[in-house]
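Novice: Following this message is one structure expressed as structure tokens.
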Amino acid sequence: MNSPLDIHRLQGTADLLPAESFRWTQAEQVIRGTMLRFGFGEIRFPVLEPTELFARGTGASTDIVQKEMYTLTDRGGRSLTLRPEGTPSVVRAYLEENLGSQRPVWKLFYLGPMFRAERPQKGRYRQFHQFGAEMIGAASPESDVELIALGHTILRDLGMNAVRLHLNSIGSPDARRAHNEKLLAFLEQPDVFQKIDEDCRRRVQTNPLRVFDCKNEECVRILRHAPTIDQFLTAEDQEHFARVRHGLETLGIAYDLDPRMVRGLDYYTRTTFEFKTNLLGAQDTVCGGGRYDLLVETFGGPATPAVGFASGIERILAAVGESDVAPVALPRLDVFVCGLGDNARGLTAAILSRLRGLGLSADTDFLGRGLKAQMKEANRLAARLALIVGDDEIARGRFALRQMDGGGQSEIPADPSQWDKGLFVGVNA
RNA sequence: GUGGGUGUAGCUCAGUUGGUUAGAGCACCAGGUUGUGGCCCUGGGGGUCAAGGGUUCAAAUCCCUUCAUCCACCCCA
Numbered sequence: 033m034n035s036p037l038d039i040h041r042l043q044g045t046a047d048l049l050p051a052e053s054f055r056w057t058q059a060e061q062v063i064r065g066t067m068l069r070f071g072f073g074e075i076r077f078p079v080l081e082p083t084e085l086f087a088r089g090t091g092a093s094t095d096i097v098q099k100e101m102y103t104l105t106d107r108g109g110r111s112l113t114l115r116p117e118g119t120p121s122v123v124r125a126y127l128e129e130n131l132g133s134q135r136p137v138w139k140l141f142y143l144g145p146m147f148r149a150e151r152p153q154k155g156r157y158r159q160f161h162q163f164g165a166e167m168i169g170a171a172s173p174e175s176d177v178e179l180i181a182l183g184h185t186i187l188r189d190l191g192m193n194a195v196r197l198h199l200n201s202i203g204s205p206d207a208r209r210a211h212n213e214k215l216l217a218f219l220e221q222p223d224v225f226q227k228i229d230e231d232c233r234r235r236v237q238t239n240p241l242r243v244f245d246c247k248n249e250e251c252v253r254i255l256r257h258a259p260t261i262d263q264f265l266t267a268e269d270q271e272h273f274a275r276v277r278h279g280l281e282t283l284g285i286a287y288d289l290d291p292r293m294v295r296g297l298d299y300y301t302r303t304t305f306e307f308k309t310n311l312l313g314a315q316d317t318v319c320g321g322g323r324y325d326l327l328v329e330t331f332g333g334p335a336t337p338a339v340g341f342a343s344g345i346e347r348i349l350a351a352v353g354e355s356d357v358a359p360v361a362l363p364r365l366d367v368f369v370c371g372l373g374d375n376a377r378g379l380t381a382a383i384l385s386r387l388r389g390l391g392l393s394a395d396t397d398f399l400g401r402g403l404k405a406q407m408k409e410a411n412r413l414a415a416r417l418a419l420i421v422g423d424d425e426i427a428r429g430r431f432a433l434r435q436m437d438g439g440g441q442s443e444i445p446a447d448p449s450q451w452d453k454g455l456f457v458g459v460n461a
């Protein structure tokens, strides 16, 4: 624009100003609070990790690894990557800190920025923020239910009512292999292959499962006859899945079985799930996860089952903003101090200090403006009270205290050491 | 990486078949009240019309290029 600055925010990143960052802080408090109530402890891990962590953990065949990572080489020639997701780091820390030998089960959560070099669009950014939870060490269906219930509860606590849970089991690797074979055979039938669109033909080569994601009506119609994973689950897979569903029903968490649901990451086994909303356009998944029983092993650890999810904060806040939930108001300022003249301005720092020391929020004018402008500022800040300090007040030893809402005005002693918090508790406090 | 839309004041947007000094609302500042905010009235500041090039007597307007941004594809939170 006409800014003298020719340095700009990177595409797909954002500056959050106070009105918005306040919403974020509130959301983060809700997330942390619910996580702790579910017995999950916060883990903080580096934003920068060895590239190899994601190549092996997220999976070399995933789009994330193939084309979406911000990767750089440090001065020692090591390849580093800005984390595109959290799960591999949690697993790395689990092994590196030897957590498995301290306790059989760990429940960990994280919250922070992730980076993916995609083309931005609605609900998709290059720096975005996720919270996620992982339970490592438990194989039981009840642990799947715990994670889904956790995601469900947090979304609800954040004001997201319009979400739908999509549930699937992709079974064990053997079941997936068998399904993949049959699916390929189906797709390669000449009368099928010719009818599906170009994208789907490409998917046959790269990742046949993805054809189930196609939005082309003709493809969707043809694929209704394609074999789905649920027909290939082993008896143990089926038993596990049945118990997960039973657990959700016990909790009254509604779900849609979706045998065509595809997750983008390589490491999932058995249960996978997504919470979707219809408020966001194309990027409608606000929370996604599943079981990953083999990931710890791929990093050389002992066979360790695990389940987890990740959820996008931008998408949730956008969806809540679209819904009819009342927006949170910025907190009001308790006292705005109007200093008139040099004598008064010499006192304001001590006055502010005392008010803040009493636990009140307090601010003043730093531009030497007149009373009218200062009152206007107090109004703009939605101050509850204006404390007027002028030569008259100093001479009388009494400051004027104005109620900004009703307009009533009273007096208080000019000596801050005589003040207590009750003096400033207005009618609306 | 591919396709489409949009770039005019801090924000949301007008701007006629190309025609004089580019406008409105909101926001900001000041005055109406020499010490009292919100509502109202009056006035004011603020623009390289995204940038660069071209056509023309004349370009915010037409053409080209670049950049930014949004939406969608791919894929995912």
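For the first sequence, this note's numbering begins at 33 and goes up steadily by one.
Ideal Cβ placement from N, Cα and C applies to all residues, glycine included.
Treat the numbers as computed from the prediction; the structure is a model and nothing was measured.
1. Should L216 go down as buried or exposed, given a rule of 16 or more other Cβ atoms within 10 Å for buried?
2. Give me the Cα-Cα distance between L143 and F163, rounded to the nearest whole angstrom.
3. According to the neighbour-count rule (16 or more other Cβ atoms, all chains shown, within 10 Å of its Cβ), is D447 buried or exposed?
4. At 4 residues or longer, what runs of the alpha helix (DSSP H) sit wholly inside the stretch 34 to 112?
5. Should the stretch 207 to 226 be regarded as contacting the stretch 330 to 345, the criterion being three or more beta carbon pairs within less than 8 Å?
6. Excluding sequence positions up to five away, which residues of its chain have a Cβ less than 6 Å from the Cβ of S385?
7. Express the C-alpha separation of L311 and G296 in angstroms, rounding to a whole number.
8. In angstroms with no decimal places, state the Cα-to-Cα distance between R196 and R233.
9. Terminal residues of the continuous alpha helix (DSSP H) containing L219?
10. Taking the CB atoms as reference points, tell me whether F141 and E74 lie closer together than 8 Å.
11. Does N193 pass the burial test, meaning 16 or more other C-beta atoms within 10 Å, or should it be called exposed?
12. Just the Cα atoms here: how many angstroms apart are D8 and T45?
13. My understanding is that V137 touches G279, with C-beta atoms under 8 Å, so please give their C-beta distance in whole angstroms.
14. In the DSSP assignment, what residue or residues form a beta bridge with D395?
15. From L387 to P78, what distance separates their C-alpha atoms?
16. L272: buried (16+ other C-beta within 10 angstroms of its C-beta) or exposed?
17. Between the Cα of R292 and those of D269, A258, G322, spot the shortest distance and give me the residue it belongs to.
18. For R416 and R364, which I take to be in contact (beta-carbon distance under 8 Å), what is that distance rounded to the nearest angstrom?
19. Pick helix, strand or coil for R302, following the three-state DSSP scheme.
20. Using a 10 Å radius around the Cβ and a threshold of 16 neighbouring Cβ atoms, would you call G284 buried or exposed?
21. Where DSSP assigns a beta bridge to Y142, which residues make up the other side?
22. DSSP state of G340, grouped into three classes?
23. May I ask which residues mark the beginning and end of the beta strand (DSSP E) holding N248?
24. R347 lies in the beta strand (DSSP E); which residues open and close that run?
25. Taking all protein chains shown into account, decide if L199 is buried (16 or more other Cβ within 10 angstroms of its Cβ) or exposed.
26. Work out the CA separation of Q153 and M33 for me, nearest whole Å.
27. How would you call F86, buried or exposed, if buried means at least 16 neighbouring beta carbons within 10 angstroms?
28. Reducing DSSP to helix, strand and coil, say where P445 ends up.
29. Could I get the ranges of all uninterrupted alpha helix (DSSP H) runs contained in the stretch 251 to 301, with 4 residues as the minimum, in chain order?
30. Under the assumption that T380 contacts V369 (Cβ atoms under 8 Å), give the Cβ distance between them as a whole number of angstroms.
31. Is DSSP giving Q226 helix, strand or coil here?
32. Considering just the uninterrupted stretch of the beta strand (DSSP E) at N200, what are its terminal residues?
33. Compute the distance between the beta-carbons of T90 and T103, then report whether it is under 8 Å.
Specialist: Let's see:
1. Taking the first residue of the first sequence as 1, we reach residue 216 at position 184. Its Cβ having fewer than 16 others within 10 Å, L216 is exposed.
2. Position 111 of the first sequence, counted from the first residue, corresponds to residue 143. Position 131 of the first sequence, counted from the first residue, corresponds to residue 163. Their Cα atoms are separated by approximately 4 Å.
3. Start at 1 with the first residue of the first sequence, and residue 447 comes out as number 415. So D447 counts as exposed.
4. If you keep only unbroken alpha helix (DSSP H) runs of at least 4 residues inside the stretch 34 to 112, you get 50 to 69, 83 to 89, 95 to 99.
5. With the cut-off at 8 Å, the stretch 207 to 226 and the stretch 330 to 345 do not touch.
6. Counting from 1 along the first sequence, the entry for residue 385 is found at position 353. Excluding residues within five positions, none has a Cβ falling inside 6 Å.
7. Indexing the first sequence from 1 puts residue 296 at position 264. Indexing the first sequence from 1 puts residue 311 at position 279. About 22 Å.
8. Position 164 of the first sequence, counted from the first residue, corresponds to residue 196. Position 201 of the first sequence, counted from the first residue, corresponds to residue 233. Each residue's Cα considered, the two are about 30 Å apart.
9. As a first step, residue 219 is located in the first sequence; it is residue number 187 there, counting from the start. That run of the alpha helix (DSSP H) goes 205 to 220.
10. On the first sequence, position 109 is the one that residue 141 refers to. On the first sequence, position 42 is the one that residue 74 refers to. Contact: yes.
11. Indexing the first sequence from 1 puts residue 193 at position 161. It is exposed - the Cβ of N193 has fewer than 16 other Cβ atoms within 10 Å.
12. Since the first residue of the chain shown is 33 and the last is 461, residue 8 is not available in this structure.
13. As a working mapping, residue 137 is identified with position 105 in the first sequence. As a working mapping, residue 279 is identified with position 247 in the first sequence. Not quite, the Cβ-Cβ distance comes to about 17 Å (not below 8 Å), so this is no contact.
14. Here the question's residue 395 lines up with position 363 in the first sequence. D395 is bridged to F368.
15. Mapped onto the first sequence, residue 387 falls at position 355. Mapped onto the first sequence, residue 78 falls at position 46. Roughly 39 Å separates the two Cα atoms.
16. Position 240 of the first sequence, counted from the first residue, corresponds to residue 272. The identity of residue 272 in the sequence shown is His, whereas the question assumes Leu. Label assigned to H272: buried.
17. The sequence position of residue 292 within the first sequence is 260, counting from 1. Residue A258 holds the alpha-carbon nearest to the alpha-carbon of R292 among D269, A258, G322.
18. Looking up residue 416 in the first sequence gives position 384. Looking up residue 364 in the first sequence gives position 332. Rounded, the Cβ-Cβ distance is 6 Å, consistent with contact.
19. Position 270 of the first sequence, counting from 1, holds the residue named residue 302. In this structure, R302 counts as strand in the three-state DSSP scheme.
20. For this step, residue 284 is matched to residue 252 along the first sequence. It counts as exposed.
21. By one-based count along the first sequence, residue 142 stands at place 110. DSSP output for Y142 lists G164 as bridge partner(s).
22. Mapped onto the first sequence, residue 340 falls at position 308. Three-state result, G340: strand.
23. One-based indexing of the first sequence puts residue 248 at position 216. Note, N248: premise wrong, no beta strand (DSSP E); not H, not E.
24. Within the first sequence, residue 347 is the residue found at index 315, counting from 1. Careful: R347 lies outside any beta strand (DSSP E), inside the alpha helix (DSSP H) at 345 to 354.
25. Taking the first residue of the first sequence as 1, we reach residue 199 at position 167. Classification of L199: buried, given that the 10 Å Cβ count is 16 or more.
26. On the first sequence, residue 33 is found 1 positions in, with the first residue counted as 1. On the first sequence, residue 153 is found 121 positions in, with the first residue counted as 1. Summary for M33: the model assigns pLDDT 36, below 50, so the residue's position carries little reliability; its value from the coordinates is reported in the next sentence. Cα to Cα, M33 sits roughly 21 Å from Q153.
27. Working through the first sequence from its first residue, we reach residue 86 at position 54. Its Cβ being crowded by 16 or more others within 10 Å, F86 is buried.
28. Along the first sequence, read from residue 1 onward, the residue named residue 445 stands at position 413. The answer is strand: DSSP assigns P445 an E or B state.
29. Uninterrupted alpha helix (DSSP H) stretches at least 4 residues long and entirely within the stretch 251 to 301 occur at 267 to 283, given in chain order.
30. For the purposes of this step, residue 380 is taken as the residue at position 348 of the first sequence. For the purposes of this step, residue 369 is taken as the residue at position 337 of the first sequence. Right, their Cβ atoms sit about 5 Å apart.
31. Taking the first sequence and counting its residues from 1, one reaches residue 226 at position 194. Correct three-state label for Q226: coil.
32. Indexing the first sequence from 1 puts residue 200 at position 168. Here the beta strand (DSSP E) through N200 covers 195 to 201.
33. Along the first sequence, read from residue 1 onward, the residue named residue 90 stands at position 58. Along the first sequence, read from residue 1 onward, the residue named residue 103 stands at position 71. Cβ distance not < 8 Å, so T90 and T103 don't count as in contact.
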